[in-house]
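K.L.:
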Amino acid sequence: MKHILPAKGALPGILNQLSQIKPYLRSTITSLGDFILPPVCLNCLEPLAASNSLCADCWQNISFISTPYCQITGQPLPYDCGPEALSLSAIAAPPHYDKARSTALYKGTMRSLIHKLKYQDKHELTTLLARWLLTTGHELLPECDMLIPIPLYRWRLWQRRFNQSALLAARLSQLSGKPCNHTILTRPKKTRQQVGLNEKQRKNNLQGAFKIDRHHLPYLEGKTILLIDDVITTGATANAAASALKKAGCNQVYLLSLASVVISPTI
Ligand SMILES: [Zn+2]
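Position one of the sequence shown corresponds to residue 3 (the numbering used here), numbered consecutively onward.
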């Protein structure tokens, strides 16, 4: 069979023409997709003009965290004490992570979206949520060497079939260009919810919760790691993960989450 090949030197021209029509192709495919499946609000399913977004009511029901907030924990502060202000919890019990930032408070639409992702397998939310992480992490991402999602205990992973933090980290990796590693940090121990436990119980609960194999240590030595989680409740779980990474030789550990309840590390 005779193959017809482009003339020598014609290939760059063809590639250039393809790159020029790529935006039009993408636009046409998006329009066709919107015709077949009209865009709706990702939270309440109200019809919308554009896909991957929320209606006005759902937007207004998100409590985005803005300044003033604690420079370490990222928790909102009641009043502005300057750009270096710290919360009382960060002063009383400095966490192992160096900085934490959350997009919003864990309530309203943000709580609803996270529940849909975690418990109703609504993976189509990942792009919108990862874009919010990209915005929230604008000061942390340029400094970090690697994204690492907070891992799930294997039985929990088997039950849920996916790790929502790993989904978010993978999409954020695509958006930011930062590498993501899902295997360096593991969670070999089953832990209880920290809420309701006293200080000693919390410490025992998270003792040995995270593990890093020795052969991974060269990849972590002197590195800045950005931990990704969906929700920060007490902050103790992320703090235990940060402690494990620091012991493994990391220079800095940052924490980026979609939502925050209250951050008060206790270990
Ligand atoms: Zn809505």
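Where is the CB? At the ideal position from N, CA and C, for every residue including glycine.
For clarity, every value in this text was computed on a predicted model and none was experimentally measured.
Are the CB atoms of Leu79 and Arg103 within a distance shorter than 8 Å?
P.N.:
Result no, Cβ atoms of Arg103 and Leu79 do not sit closer than 8 Å.
K.L.:
Is Ala106 closer than 8 Å to Leu177 when the C-beta atoms are compared?
P.N.:
No; because the gap between Cβ atoms is not below 8 Å, this pair is not in contact.
K.L.:
If I measure Cβ to Cβ from Lys118 and keep anything under 7 Å in the same chain, skipping five residues before and after, which residues do I get?
P.N.:
These residues qualify, in order along the chain: Lys124, Leu127.
K.L.:
Can you tell me which of the three DSSP states Asp59 falls into?
P.N.:
In the structure shown, Asp59 sits in a helix (DSSP, three-state: H, G or I).
K.L.:
What does a CB cutoff of less than 7 Å around Leu50 pick up in its chain, not counting 5 residues either side in sequence?
P.N.:
The answer, listed in chain order, is Pro41, Val42, Cys43, Cys57.
K.L.:
Return helix, strand or coil for Pro70, following the three-state DSSP convention.
P.N.:
DSSP places Pro70 in coil when its eight states are reduced to three.
K.L.:
Whole-angstrom Cβ separation of Val263 and Thr235, contact assumed at under 8 Å?
P.N.:
Indeed they touch by this definition, with Cβ atoms about 5 Å apart.
K.L.:
Just the C-alpha distance for Leu187 and Ala211, rounded to the nearest angstrom, thanks.
P.N.:
For Leu187 and Ala211, the distance between alpha carbons rounds to 10 Å.
K.L.:
Quick one: Cα of Gln209 to Cα of Tyr221, how far?
P.N.:
If you take the alpha carbons of Gln209 and Tyr221, they lie about 24 Å apart.
K.L.:
With H, G and I counted as helix, E and B as strand and the rest as coil, what does DSSP make of Lys248?
P.N.:
Lys248: helix per DSSP, three-state reduction.
K.L.:
Once the 5 residues before and after Val233 are set aside, which same chain residues still bring their CB inside 8 Å of it?
P.N.:
Tyr108, Ile116, Ser259, Leu260, Ala261, Ser262, Val263, listed in sequence order.
K.L.:
For Lys191, does the count of other Cβ atoms within 10 angstroms reach 16, so buried, or fall short, so exposed?
P.N.:
So Lys191 ends up on the exposed side.
K.L.:
Which runs of the beta strand (DSSP E) at least 3 residues long sit entirely within the stretch 139-191? Give them in chain order.
P.N.:
Listed in chain order, they are 148-151.
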